[in-house]
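Presented below is the structure to which this report refers.
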Amino acid sequence: MKYLLLFAVLAVVWWVWKKRQRQSERPAPRPDPKVENMLVCAHCGVHFPEGDGVRDEGEDYCCAAHRSAARPGSR
Ligand SMILES: [Zn+2]
Numbered sequence: 015m016k017y018l019l020l021f022a023v024l025a026v027v028w029w030v031w032k033k034r035q036r037q038s039e040r041p042a043p044r045p046d047p048k049v050e051n052m053l054v055c056a057h058c059g060v061h062f063p064e065g066d067g068v069r070d071e072g073e074d075y076c077c078a079a080h081r082s083a084a085r086p087g088s089r
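Read in order, the letters of the sequence shown are residues 15 to 89 in my numbering.
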């Protein structure tokens with residue numbers, strides 16, 4: 015019975031050691047830099063990444079052409 019308890023303790027220690035070793039091997043997961051906020055074009059309704067669009071007075075457009083199409087006055 016004593017050996018069974020010793021074996022259980024050793025198993026737990028081995029499991030914790032193995033788990034810790036696996037954690038140190040892998041670096042902490044970083045957020046994917048490719049994931050961008052998606053916006054909807056106020057003119058055509060297409061979804062586009064925030065970096066690709068044009069922003070004008072609180073409205074987002076997929077391109078400059080749709081920005082000027084939706085707002086003919088401002089150019
Ligand atoms: Zn558009």
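Every residue gets a Cβ at the ideal spot worked out from N, C-alpha and C, and that includes glycine.
At least one heavy atom of ligand 1 is found less than 8 Å from the C-beta of residue 59. Rounded to the nearest whole angstrom, the C-alpha separation of residue 19 and residue 41 is 35 Å. In the displayed model, residue 80 falls within a helix according to three-state DSSP. Around the beta carbon of residue 80, 16 or more other beta carbons sit within 10 angstroms, so the residue counts as buried.
A direct Cα-Cα distance of roughly 10 Å separates residue 28 from residue 22.
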